[in-house]
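Enquirer: The following block contains the structure, expressed as structure tokens.
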Amino acid sequence: MDIREFQHHLWQLFRAISQSLDGPLGTIVQSHGITMGQMRMLVEVHHQGEITVGELSQALGSAPGNASAMCKALEKKGLLSRERSPEDERMVLIALTPAGQSVLSRVEQELSSRFDPVLQRYSTADFERIISGMEKLQEVVNSLNRAFENAQGRR
Numbered sequence: 188m189d190i191r192e193f194q195h196h197l198w199q200l201f202r203a204i205s206q207s208l209d210g211p212l213g214t215i216v217q218s219h220g221i222t223m224g225q226m227r228m229l230v231e232v233h234h235q236g237e238i239t240v241g242e243l244s245q246a247l248g249s250a251p252g253n254a255s256a257m258c259k260a261l262e263k264k265g266l267l268s269r270e271r272s273p274e275d276e277r278m279v280l281i282a283l284t285p286a287g288q289s290v291l292s293r294v295e296q297e298l299s300s301r302f303d304p305v306l307q308r309y310s311t312a313d314f315e316r317i318i319s320g321m322e323k324l325q326e327v328v329n330s331l332n333r334a335f336e337n338a339q340g341r342r
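Be aware that the sequence shown starts at 188, since it is given in my numbering, and climbs by one per residue.
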């Protein structure tokens with residue numbers, strides 16, 4: 188397979204996987220009153236613990252203003268708390284509230300109950316091959332990003 192075929196095939200796979208996941212995941216997530224983007228934010232805050240808006244926007248790959256607006260929306264829903272850092276008043280720290288943790292747990296339970304029976308059909312070796320391939324893909328994407336950043340720096 189040449190580079191052009193690889194690029195074309197890769198874009199088709201990205202689109203197909205994204206559409207395939209967004210359907211059932213989106214339906215489940217939205218049934219809990221949040222969007223997929225908000226779910227990603229709750230998951231990231233859960234994994235990181237207390238985090239600044241800037242760190243959160245970087246982890247999600249979004250503009251700081253967009254992350255801040257989404258945090259405010261989730262705060263209004265009672266799912267996130269936003270407090271000024273005691274060490275640096277300029278920094279706003281984000282954390283999951285008990286209600287946010289509850290929504291996250293309910294979504295994860297629903298996903299498990301629906302998807303685990305299907306995933307049990309696959310072997311550990313299948314999962315390992317998928318993870319290995321995705322890690323290699325991440326390596327390629329990181330190389331592409333570095334090349335892009337280097338080219339931008341030369342302008």
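For every residue, glycine included, the Cβ atom is placed at its ideal position computed from N, Cα and C.
#1: Between residue 306 and the rest of its own chain, which residues show a CB-CB distance below 7 angstroms, the 5 nearest in sequence each way excluded?
#2: Mapping DSSP to helix, strand and coil, what is residue 292?
#3: Could you tell me the alpha carbon to alpha carbon distance between residue 229 and residue 283, rounded to whole angstroms?
#4: What does the Cβ neighbour count give for residue 266, buried or exposed, with the cut at 16 atoms within 10 Å?
#5: Give me the residue from 311, 271 and 292 with the minimum Cα distance to residue 226.
#6: Identify every run of the beta strand (DSSP E) within the segment 240 to 269, keeping only runs that are complete inside it and at least 3 residues long; order them along the chain.
Expert: Quick look at the numbers:
#1: Looking up residue 306 in the sequence shown gives position 119. Here the set comprises nothing.
#2: The residue you call residue 292 lines up with position 105 of the sequence shown. Residue 292: helix per DSSP, three-state reduction.
#3: If you number the sequence shown from 1, residue 229 lands on position 42. If you number the sequence shown from 1, residue 283 lands on position 96. Between residue 229 and residue 283, the C-alpha separation is close to 7 angstroms.
#4: Numbered from its first residue, the sequence shown carries residue 266 at position 79. Under this definition residue 266 is a buried residue.
#5: Position 39 of the sequence shown, counted from the start, is the residue given in the question as residue 226. The residue with the shortest Cα to Cα distance from residue 226 is 292.
#6: Runs found: none.
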